[in-house]
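Asks:
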Amino acid sequence: MNEPLVSVIVPTYNRAYCLGATLDSVLQQTYPHVELIVIDDGSTDGTAELIARDYAQDKRVRYVRQANAGVVAARNHGLRLAQGDFVALLDSDDVWHLWKLEAQLAVMRARPEVGMVWTDMEAVNDAGEKISTAYLRTMYSAYRWFSTPEAIFARSLRCADLAPTLQLQLGERRAYYGDIFSLMMLGSLVHTSTVLLRRECREQVGFFRDELAPSGEDYDFHLRTCRAGKVAYLDASAIIYQVGRPDQLTRPELKLTIARHSLKAIEPFLENERHLIQLPKWMLRETLALTHYCIGEHAMNAGLHGEALRSFFRSLRYDPWQFRVYAFLPMALLPLSLANGLRRIYRGLKGVLKKGVDVQSIQPS
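Reminder that position 343 of the sequence shown reads as 344 in the numbering used here, one-by-one numbering, no gaps.
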């Protein structure tokens with residue numbers, strides 16, 4: 002019996018300093034039937050030399066160089082080349098644990114209706130020191146709605162029963178599965194480097210949308226994947242995520258663009274498929290209020306007072322009882338130097354204003 006092939010797509014640009022560890026983590030997987038597709042987006046730092054020196058003799062590695070066109074074009078290029086029964090996505094500064102694919106494929110075999118499996122992740126700083134063993138909840142703010150995976154999914158399986166050889170790595174961890182499209186409207190729950198997709202699911206969903214980059218293209222893709230059918234979450238940290246590198250999307254100066262694109266990702270579903278979103282109206286309104294507030298805050302920080310005012314007023318239309326928005330409105334009318342001083346005072350109070358809601362009672366099937 003032939004084992005299914007997994008195509009692993011790694012877009013990269015000027016990351017020769019860390020790319021080797023990423024590629025090795027794929028090639029050393031306990032599940033060996035992989036096709037590793039490296040799309041070099043016009044690197045100028047010796048990436049081509051690294052591949053030629055260390056990976057050219059490995060028939061599982063396919064190296065493709067293209068003119069610089071951005072991560073979305075590179076990732077989509079890789080998806081078009083993929084020959085596997087399954088497709089995995091991996092950023093070129095992340096590293097997989099060696100059991101990742103074996104565990105995810107076990108979930109796929111047990112639940113053939115599932116089109117995507119993602120996992121939690123560890124995080125390390127730029128010195129290589131571990132700062133979190135379960136970073137997904139920290140990185141993706143939509144998890145504030147859910148205290149446990151059971152609040153997202155109604156069904157689960159014990160991972161070690163699915164993959165007995167991984168008892169040591171997985172212990173009592175569980176794989177949760179179901180239809181979560183509506184809950185994904187509250188914000189992304191999925192980190193791209195943790196994802197494994199069935200080929201049929203990927204073909205149904207299509208490609209990443211370049212107009213939503215940076216960041217929004219991932220949320221949009223995972224939203225469409227969840228719209229296509231059931232998905233699963235393996236509650237174990239299967240990758241090591243690097244925090245703090247200067248070329249990452251988590252840079253503060255990109256926050257306004259990311260907030261704008263997060264809104265653009267959900268707008269088509271709100272306009273065209275509202276009937277499929279099975280959430281209370283108040284929950285959607287609070288999500289939209291928060292999204293417009295975030296755009297307003299980041300616009301303020303960028304000195305774009307006109308956009309900030311428009312976003313704050315839109316936020317208040319969805320939720321008029323937001324002290325934080327009323328605190329910001331006067332700042333948008335002040336000279337930038339005075340507004341900066343008030344913002345520093347506000348940031349000192351910000352932790353007190355944060356709140357979260359658990360939606361345990363809203364479980365999709």
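For each residue, glycine too, the CB sits at the ideal point set by N, CA and C. As the structure is a prediction and not an experimental result, all values here were calculated from the model.
Please give the ranges of any alpha helix (DSSP H) in the region 135–186, keeping only runs that are unbroken, at least 4 residues long and fully inside the region.
Replies: Fully enclosed alpha helix (DSSP H) runs of 4 or longer: 137–140, 160–163, 168–171, 182–185.
Asks: State the Cα-Cα distance for the pair D42 and Y14, rounded to the nearest angstrom.
Replies: C-alpha separation (whole angstroms): 5 Å.
Asks: Would you mind stating whether Y242 and F154 have Cβ atoms separated by less than 9 Å?
Replies: Going by C-beta atoms, Y242 is not nearer than 9 Å to F154.
Asks: For the beta strand (DSSP E) that M117 lies in, which residues bound it at each end?
Replies: Taken as a continuous stretch (DSSP letters only), the beta strand (DSSP E) holding M117 covers 117–125.
Asks: Could you tell me which residues DSSP pairs with Y294 in its beta bridges?
Replies: In the DSSP output, where bridge partners are listed per residue, Y294 has none listed.
Asks: Could you name each continuous alpha helix (DSSP H) segment of 4 residues or more that falls completely within the region 202–288, going from the start of the chain to the end?
Replies: Correct list: 217–229, 256–273.
Asks: Following the continuous beta strand (DSSP E) through D25, name the residue where it begins and the one where it ends.
Replies: Careful: D25 lies outside any beta strand (DSSP E), inside the alpha helix (DSSP H) at 17–28.
Asks: Pick from V35, Q170, G297, Y136: whose alpha carbon is nearest that of I10?
Replies: If we check each option's Cα against that of I10, V35 comes out closest.
Asks: Report back the beta-carbon spacing between L257 and A303 to the nearest angstrom; my notes put them in contact at under 8 Å.
Replies: Contact holds; Cβ gap of about 5 Å.
Asks: Hey, could you find the ends of the alpha helix (DSSP H) D55 is sitting in?
Replies: Unbroken alpha helix (DSSP H) run through D55: 48–55.
Asks: So, for C295: in the same chain, excluding its five sequence neighbours on each side, which residues have a beta-carbon less than 7 Å away from its beta-carbon?
Replies: The answer, listed in chain order, is A260.
Asks: For V125, which residues of its own chain have a beta-carbon under 8 Å away from its beta-carbon, when the five flanking residues on both sides are left out?
Replies: These residues qualify, in order along the chain: K131, I132, I241, Y242, Q243, V244.
Asks: Smallest Cα separation from C62: which of A74, A70, A83?
Replies: Reading the sequence as shown, one finds Val at residue 62 and not Cys. For V62, the nearest C-alpha among the options comes from A83.
Asks: Give the single residue among Q58, C227, D219 whose Cα lies nearest to the Cα of R210.
Replies: Taking only the C-alpha atoms, the option nearest R210 is D219.
Asks: If you run the structure through DSSP and keep just helix, strand and coil, what is A89?
Replies: Strand at A89.
Asks: Quick test of the definition: if touching needs 3 or more C-beta pairs under 8 Å, does the region 156–173 touch the region 196–214?
Replies: No: the two stretches stay apart, fewer than three of their Cβ pairs being nearer than 8 Å.
Asks: Quick one: grab the DSSP three-state call for P12.
Replies: Looking at P12 - three-state DSSP - the assignment turns out to be strand.
Asks: Are the beta-carbon atoms of T226 and K101 separated by less than 9 Å?
Replies: No, Cβ-Cβ distance for T226 and K101 is not below 9 Å.
Asks: Can you tell which of G79, E123, S44 has the C-alpha that lies nearest to the C-alpha of Y136?
Replies: Residue E123 is the option with its Cα nearest to Y136.
Asks: Is it buried or exposed for W119, if we count other Cβ within 10 angstroms and need 16 for buried?
Replies: By the neighbour-count rule (16 or more Cβ atoms within 10 Å), W119 is buried.
Asks: Which of helix, strand or coil does DSSP assign to S189?
Replies: Note: S189 maps to coil in three-state DSSP.
Asks: Less than 8 Å between the CB atoms is what I'm expecting for V232 and F222, so what's the real figure, rounded?
Replies: V232 to F222, Cβ: 12 Å. No contact.
Asks: Is it buried or exposed for E298, if we count other Cβ within 10 angstroms and need 16 for buried?
Replies: Its Cβ being crowded by 16 or more others within 10 Å, E298 is buried.
Asks: Rounded to whole angstroms, how far is the Cβ of W1 from the Cβ of S26, which I believe are closer than 8 Å?
Replies: In this structure the chain extends from 2 to 366, so residue 1 is not present and cannot be described.
Asks: Is the beta carbon of L28 less than 9 Å from the beta carbon of L37?
Replies: Yes, these two residues count as a Cβ contact at 9 Å.
Asks: At the level of alpha carbons, what is the spacing between L271 and S189?
Replies: If you take the alpha carbons of L271 and S189, they lie about 15 Å apart.
Asks: Cα separation between M332 and H262?
Replies: Using only the alpha carbons, I get a separation of about 24 Å.
Asks: Give the range of the beta strand (DSSP E) segment to which S133 is assigned.
Replies: Start and end: 131–133.
Asks: Report the rounded CA-to-CA distance for D46 versus Y18, giving the unit in angstroms.
Replies: Whole-angstrom Cα-Cα distance: 9 Å.
Asks: Check the C-beta distance from R174 over to L158 and give it rounded, since I have them as a contact under 8 Å.
Replies: Not a contact, Cβ separation roughly 10 Å.
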